[in-house]
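Below: the structure, in structure tokens.
Number of protein chains: 2
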Amino acid sequence: MTIKIGILGYGNLGRGVECAIQQNADMELKAVFTRRKPEQVKILTADVPVYSLDEILAHQEEIDVLILCGGSAKDLPEQTPEYAKWFNLIDSFDTHANIPEHFARVDEVCRQNQKVGLISAGWDPGMFSLNRLYAKAILPEGQDYTFWGKGVSQGHSDAIRRLEGVKDAKQYTIPIETALEAVRSGQQPQLTTREKHLRECFVVAEEGADLAKLEEDIKTMPNYFADYDTIVHFIDEETMAKEHAGIPHGGFVLHSGKTGWNKEHNQLIEYQLKLDSNPEFTASVLVAYARAVYRLAQEKQYGGKTVFDIAPAYLSPMTGEELRKHLL
Amino acid sequence: MTIKIGILGYGNLGRGVECAIQQNADMELKAVFTRRKPEQVKILTADVPVYSLDEILAHQEEIDVLILCGGSAKDLPEQTPEYAKWFNLIDSFDTHANIPEHFARVDEVCRQNQKVGLISAGWDPGMFSLNRLYAKAILPEGQDYTFWGKGVSQGHSDAIRRLEGVKDAKQYTIPIETALEAVRSGQQPQLTTREKHLRECFVVAEEGADLAKLEEDIKTMPNYFADYDTIVHFIDEETMAKEHAGIPHGGFVLHSGKTGWNKEHNQLIEYQLKLDSNPEFTASVLVAYARAVYRLAQEKQYGGKTVFDIAPAYLSPMTGEELRKHLL
Numbered sequence: 001m002t003i004k005i006g007i008l009g010y011g012n013l014g015r016g017v018e019c020a021i022q023q024n025a026d027m028e029l030k031a032v033f034t035r036r037k038p039e040q041v042k043i044l045t046a047d048v049p050v051y052s053l054d055e056i057l058a059h060q061e062e063i064d065v066l067i068l069c070g071g072s073a074k075d076l077p078e079q080t081p082e083y084a085k086w087f088n089l090i091d092s093f094d095t096h097a098n099i100p101e102h103f104a105r106v107d108e109v110c111r112q113n114q115k116v117g118l119i120s121a122g123w124d125p126g127m128f129s130l131n132r133l134y135a136k137a138i139l140p141e142g143q144d145y146t147f148w149g150k151g152v153s154q155g156h157s158d159a160i161r162r163l164e165g166v167k168d169a170k171q172y173t174i175p176i177e178t179a180l181e182a183v184r185s186g187q188q189p190q191l192t193t194r195e196k197h198l199r200e201c202f203v204v205a206e207e208g209a210d211l212a213k214l215e216e217d218i219k220t221m222p223n224y225f226a227d228y229d230t231i232v233h234f235i236d237e238e239t240m241a242k243e244h245a246g247i248p249h250g251g252f253v254l255h256s257g258k259t260g261w262n263k264e265h266n267q268l269i270e271y272q273l274k275l276d277s278n279p280e281f282t283a284s285v286l287v288a289y290a291r292a293v294y295r296l297a298q299e300k301q302y303g304g305k306t307v308f309d310i311a312p313a314y315l316s317p318m319t320g321e322e323l324r325k326h327l328l
Numbered sequence: 001m002t003i004k005i006g007i008l009g010y011g012n013l014g015r016g017v018e019c020a021i022q023q024n025a026d027m028e029l030k031a032v033f034t035r036r037k038p039e040q041v042k043i044l045t046a047d048v049p050v051y052s053l054d055e056i057l058a059h060q061e062e063i064d065v066l067i068l069c070g071g072s073a074k075d076l077p078e079q080t081p082e083y084a085k086w087f088n089l090i091d092s093f094d095t096h097a098n099i100p101e102h103f104a105r106v107d108e109v110c111r112q113n114q115k116v117g118l119i120s121a122g123w124d125p126g127m128f129s130l131n132r133l134y135a136k137a138i139l140p141e142g143q144d145y146t147f148w149g150k151g152v153s154q155g156h157s158d159a160i161r162r163l164e165g166v167k168d169a170k171q172y173t174i175p176i177e178t179a180l181e182a183v184r185s186g187q188q189p190q191l192t193t194r195e196k197h198l199r200e201c202f203v204v205a206e207e208g209a210d211l212a213k214l215e216e217d218i219k220t221m222p223n224y225f226a227d228y229d230t231i232v233h234f235i236d237e238e239t240m241a242k243e244h245a246g247i248p249h250g251g252f253v254l255h256s257g258k259t260g261w262n263k264e265h266n267q268l269i270e271y272q273l274k275l276d277s278n279p280e281f282t283a284s285v286l287v288a289y290a291r292a293v294y295r296l297a298q299e300k301q302y303g304g305k306t307v308f309d310i311a312p313a314y315l316s317p318m319t320g321e322e323l324r325k326h327l328l
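Sequences listed follow chains A and B, in order.
For the first sequence, the residue numbers in the numbering used here are 1 to 328.
For the second sequence, the residue numbers in the numbering used here are 1 to 328.
Put into structure tokens, the structure is as follows:
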């Protein structure tokens, strides 16, 4: 008996999910659903069909858990509530400000249709959220800090690419070491945006572009760069292809707390991710939580869920007995 | 409405629990139970009674969750199954090899008596176990590594103190930085005991003791030191009191995994604790999980539990809505 997975959307994240399924013996990829023409989508797994998304309802019985691999801006706000009518499912919705609304919609559809719908799995939201919760519950007299990077920010890279005179761009978010050290020291510092992260940009300019103006335009761009110290490098296309093809990311959740009758002791909790591939790691989290979604559905624990609602044991293929013996 | 806590056993851990309760507005310390004469036990909280353990059953109705603060060698194997007949409870049982047996006994008593009994909460077992489970579930093609320290090992300090000619001793377990770096590099090294940890000992010798022999006795002690590189310093009592009075500890759980169709990407998960006070941190974990025990009991989810069985949301005083809004 394997857990039968469907993938909706086959970009970097969908391909990552496909790779992660390969690493889990109790999982099986049953189908990929796409909005593109199915014959144009080549997947890695042999003998697994690619269907048009229009046909998805015909395959409802074949899928235990549908993993949604679309974007948070336009795809998931529509798709997750829609397909929760028909499937137990999971997404990686990551627009933090809109999570309560997204949850409410998915929860309602799931309850009406006796489905399990887990939203916002991944690493932030996801593993970082879990670490914020655990740390705050354990050390209530404390402060938490989230740092991102070093890693590629898709949103910031896109913002640069939209400027006139830019052919290509990649932006790295870099946590500032002195800020990390200040937190680790137990001081519980108040840190400004500029003190926490640096932004480093690699830009391929169009021929004849005014580089000084371009650099100024980037550094002063509101919301994206104006509040940060920003470094701009102009490089050629070859260097871009050779040195900046990857999608690394990661970051830190730190929680600095005090214990003792007079708060005399510092306690530091630090969680760090260092990821060669951001989408493949997010996909790996999705697949582990898909196992939990399957089990909750078996137990008829229907409704909207987040990582906060899932007992850790549900993520593992091991039995409770094995877990207690080998991992506790 | 507060959660009414009883503490059984008032040593470093019991005092830590008392301090942690003070930091949680939804918790209230109702009583401390001791095997000593109650009048000899001075606690920090005003107006909370200290009772003889013999009287504990008379106070069953006043206590929502009993936190057991005894030792794993002799106290908890007896106390946890015994008091689970009468109380929802939690312990920090940390003899890893005996966890399955301890769990089975507590689980049986809890089921028979409609109680919730959570065992082995703390940091290892506890938070470290959780991190091993999460990381392994997310990155099944990977390897995990647990390092302890820098911190005081009570067991190793006691082993030195038992030697003839030793007045006092403190042993620090120190993770070896080159081993940590090898793991962080993604190589997934096989590490021997000696390669992972160093043992540093501070010893106050009796007057006239043969220091060279003592040092040799320590370094060759089977199980405790023979498999490690061990450093021995002889110091005077004053230095011991001034520089080695604390009980710091901590450590690392690292998981180095591979993702991608051909395992081409390294992914590193690292969890670190840096604790000024080992017992106060363990106590803080116990108190957060006591909240979960209370809630499970309200829901009649009786039986033996471990940290693996507890959805993270149960640890927090915040509502699901607040958690999704502020921490996800």
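Virtual Cβ for every residue (Gly too), placed ideally from N, Cα, C.
**Asked** Measuring CB to CB, does Ile-152/A end up less than 9 Å from Gly-246/A?
**Response** As a working mapping, residue 152/A is identified with position 152 in the first sequence. As a working mapping, residue 246/A is identified with position 246 in the first sequence. Note on identity: in this sequence residue 152/A is Val, with Ile being the wrong assignment. Contact: yes.
**Contact set between Tyr-294/B and chain A, taken where Cβ atoms lie within less than 8 Å** = Start at 1 with the first residue of the second sequence, and residue 294/B comes out as number 294. Ordered by position in chain A, no residue passes the 8 Å Cβ test against Tyr-294/B, which lies about 13 Å from the chain.
**Prompt:** Using a Cβ cut-off of 7 Å, which residues of the region 235-266 of chain A contact any Cβ in chain B, in chain order?
**Reply:** Thr-259, Gly-260, Trp-261, His-265, Asn-266
**Item:** Rounded C-alpha distance that separates Glu-243/B from Lys-150/B
**Value:** What you label residue 243/B is simply residue 243 of the second sequence in a count that begins at 1. What you label residue 150/B is simply residue 150 of the second sequence in a count that begins at 1. When rounded, the distance between both Cα atoms is 15 Å.
**Item:** Leu-180/B versus Lys-42/A - alpha carbon distance
**Value:** Within the second sequence, the letter at position 180 stands for residue 180/B. Within the first sequence, the letter at position 42 stands for residue 42/A. Their Cα atoms are separated by approximately 40 Å.
**Prompt:** Can you pull the DSSP bridge partners for Thr-306/B?
**Reply:** Within the second sequence, numbered from 1, the residue matching residue 306/B stands at position 306. According to DSSP, which records beta bridges pairwise, Thr-306/B is partnered with nothing at all.
**Prompt:** Under three-state DSSP, which class holds Glu-164/A?
**Reply:** Position 164 of the first sequence, counted from the start, is the residue given in the question as residue 164/A. Correct three-state label for Glu-164/A: coil.
**Prompt:** Looking only at DSSP bridge pairs, what is Asn-266/A linked to?
**Reply:** Sequence index remark: in the first sequence, residue 266/A carries index 266 (1-based). Bridge partners of Asn-266/A: Lys-258/A.
**Asked** Can you list, in chain order, the residues of its chain whose CB lies under 6 Å from that of Gly-16/B, leaving out five sequence neighbours each side?
**Response** Position 16 of the second sequence holds residue 16/B. Excluding positions up to five away in sequence, the list reads Pro-279, Glu-280, Ala-283.
**Message:** For the beta strand (DSSP E) containing Val-203/B, name the first residue and the last one.
**Reply:** Counted from its first residue, the second sequence places residue 203/B at position 203. From DSSP, the beta strand (DSSP E) with Val-203/B extends over 197-205.
**Prompt:** Between the region 106-126 of chain A and chain B, which residues of the former have CB atoms less than 7 Å from a CB of the latter, in chain order?
**Reply:** Ser-120, Pro-125
**Message:** Quick check on the DSSP output: the beta strand (DSSP E) that includes Lys-37/A runs from which residue to which?
**Reply:** Sequence index remark: in the first sequence, residue 37/A carries index 37 (1-based). Neither: Lys-37/A is in no beta strand (DSSP E) and is coded neither H nor E.
**Proximal chain B residues relative to Gln-23/A, where beta-carbon distance stays under 7 Å** = Residue numbering aside, residue 23/A sits at position 23 when the first sequence is read from its first letter. Simply Pro-140, Glu-141.
**Paired residues, beta bridge with Tyr-172/B - DSSP** = Here residue 172/B corresponds to residue number 172 of the second sequence, with the count starting at 1. Note: Tyr-172/B sits in a beta bridge opposite Val-152/B, Glu-200/B.
**Request:** Pick out whichever of Ile-235/A, Gly-208/A, Asp-75/A, Glu-200/A has its Cα sitting closest to the Cα of Ile-218/A.
**Result:** Indexing the first sequence from 1 puts residue 218/A at position 218. Selected option, being the one with the closest Cα: Glu-200/A.
**Message:** Which complete alpha helix (DSSP H) runs does the region 270-319 of chain B hold, if anything under 4 residues is left out?
**Reply:** 278-298
**Asked** Three-state secondary structure (DSSP) at Glu-141/A?
**Response** Translated into positions along the first sequence, residue 141/A becomes position 141. Residue state, collapsed to three classes: coil.
**Asked** Residues of chain B with a CB under 9 Å from the CB of Phe-333/A: which are they?
**Response** The first residue shown for chain A is 1 and the last is 328, placing residue 333/A beyond what the model contains.
**Asked** Between Leu-286/A and Gly-251/A, is the Cβ-Cβ spacing less than 9 Å?
**Response** Within the first sequence, residue 286/A is the residue found at index 286, counting from 1. Within the first sequence, residue 251/A is the residue found at index 251, counting from 1. No, the pair does not count as a contact, with Cβ atoms beyond the cut-off.
**His-244/B - DSSP class collapsed to helix/strand/coil** = Along the second sequence, read from residue 1 onward, the residue named residue 244/B stands at position 244. In this structure, His-244/B counts as coil in the three-state DSSP scheme.
**Prompt:** Exposed or buried, Arg-132/B, counting other C-beta atoms within 10 Å across all chains shown (16 or more means buried)?
**Reply:** Start at 1 with the first residue of the second sequence, and residue 132/B comes out as number 132. Buried.
**Request:** Would you kindly work out how many angstroms separate the C-alpha atoms of Leu-296/B and Val-166/A, rounded to a whole number?
**Result:** Within the second sequence, the letter at position 296 stands for residue 296/B. Within the first sequence, the letter at position 166 stands for residue 166/A. Each residue's alpha carbon lies about 57 Å from the other.
**Prompt:** Where do the N-terminal and C-terminal ends of the beta strand (DSSP E) with Phe-103/A fall, by residue?
**Reply:** Along the first sequence, one-based indexing puts residue 103/A at 103. It is not in any beta strand (DSSP E) - Phe-103/A instead sits in the alpha helix (DSSP H) that spans 99-113.
**Prompt:** Can you list, in chain order, the residues of its chain whose CB lies under 7 Å from that of Glu-195/A, leaving out five sequence neighbours each side?
**Reply:** The residue labelled residue 195/A in the question sits at position 195 within the first sequence. Only Ile-176, Ala-179 meet the Cβ criterion.
**Message:** Measuring only the C-alpha atoms, how far is Met-1/B from Asp-309/A?
**Reply:** To locate residue 1/B, count along the second sequence from 1; it is residue 1. To locate residue 309/A, count along the first sequence from 1; it is residue 309. Roughly 23 Å between the two C-alpha positions.
**Prompt:** Who are the near neighbours of Lys-258/B in its chain, counting only those whose CB is closer than 6 Å to its CB and skipping five residues on each side?
**Reply:** Within the second sequence, numbered from 1, the residue matching residue 258/B stands at position 258. Excluding sequence neighbours, Lys-258/B sits near Glu-141.
**Item:** Residues near Ala-313/A in its chain [Cβ-Cβ closer than 8 Å; skip 5 each side]
**Value:** One-based indexing of the first sequence puts residue 313/A at position 313. Closer than 8 Å at the Cβ level, and outside the excluded window around Ala-313/A, lie Gly-320, Leu-323.
**Asked** Hey, is His-96/B's beta-carbon within less than 9 Å of any beta-carbon in chain A?
**Response** The sequence position of residue 96/B within the second sequence is 96, counting from 1. Yes, contact with chain A.
**Item:** Length of the line joining the Cα atoms of Asp-168/B and Gly-155/B
**Value:** The residue labelled residue 168/B in the question sits at position 168 within the second sequence. The residue labelled residue 155/B in the question sits at position 155 within the second sequence. About 13 Å.
**Prompt:** Is there a Cβ from chain A that is less than 9 Å from the Cβ of Phe-147/B?
**Reply:** Within the second sequence, the letter at position 147 stands for residue 147/B. No, Phe-147/B does not count as interfacial toward chain A.
**Message:** Only counting the same chain, and skipping five residues up and downstream in sequence, which positions put a Cβ closer than 6 Å to that of Asp-276/B?
**Reply:** Sequence index remark: in the second sequence, residue 276/B carries index 276 (1-based). Contacts found: Pro-248.
**Asked** Are the beta-carbon atoms of Ile-5/B and Glu-28/B separated by less than 9 Å?
**Response** On the second sequence, residue 5/B is found 5 positions in, with the first residue counted as 1. On the second sequence, residue 28/B is found 28 positions in, with the first residue counted as 1. Yes, they are a contact pair.
**Request:** Taking 9 Å as the cut-off, decide whether the C-beta atoms of Val-307/B and Asp-144/B are in contact.
**Result:** Against the second sequence, residue 307/B aligns to sequence position 307. Against the second sequence, residue 144/B aligns to sequence position 144. Going by C-beta atoms, Val-307/B is not nearer than 9 Å to Asp-144/B.
**Request:** Decide yes or no for the touch test of the region 6-13 of chain B against the region 22-36 of chain B: beta carbon pairs closer than 8 Å, at least 3 of them.
**Result:** yes
**Message:** For Arg-162/A, count the other beta carbons within 10 Å of its own beta carbon; 16 or more makes it buried, fewer makes it exposed. Which is it?
**Reply:** The sequence position of residue 162/A within the first sequence is 162, counting from 1. Exposed is the call here.
**Prompt:** By the criterion of Cβ-Cβ separation under 7 Å, what are the contact partners of Asp-276/B in chain A?
**Reply:** Here residue 276/B is taken as the residue at index 276 of the second sequence, counted from 1. Residues of chain A passing the Cβ test: His-265, Asn-266, Gln-267.
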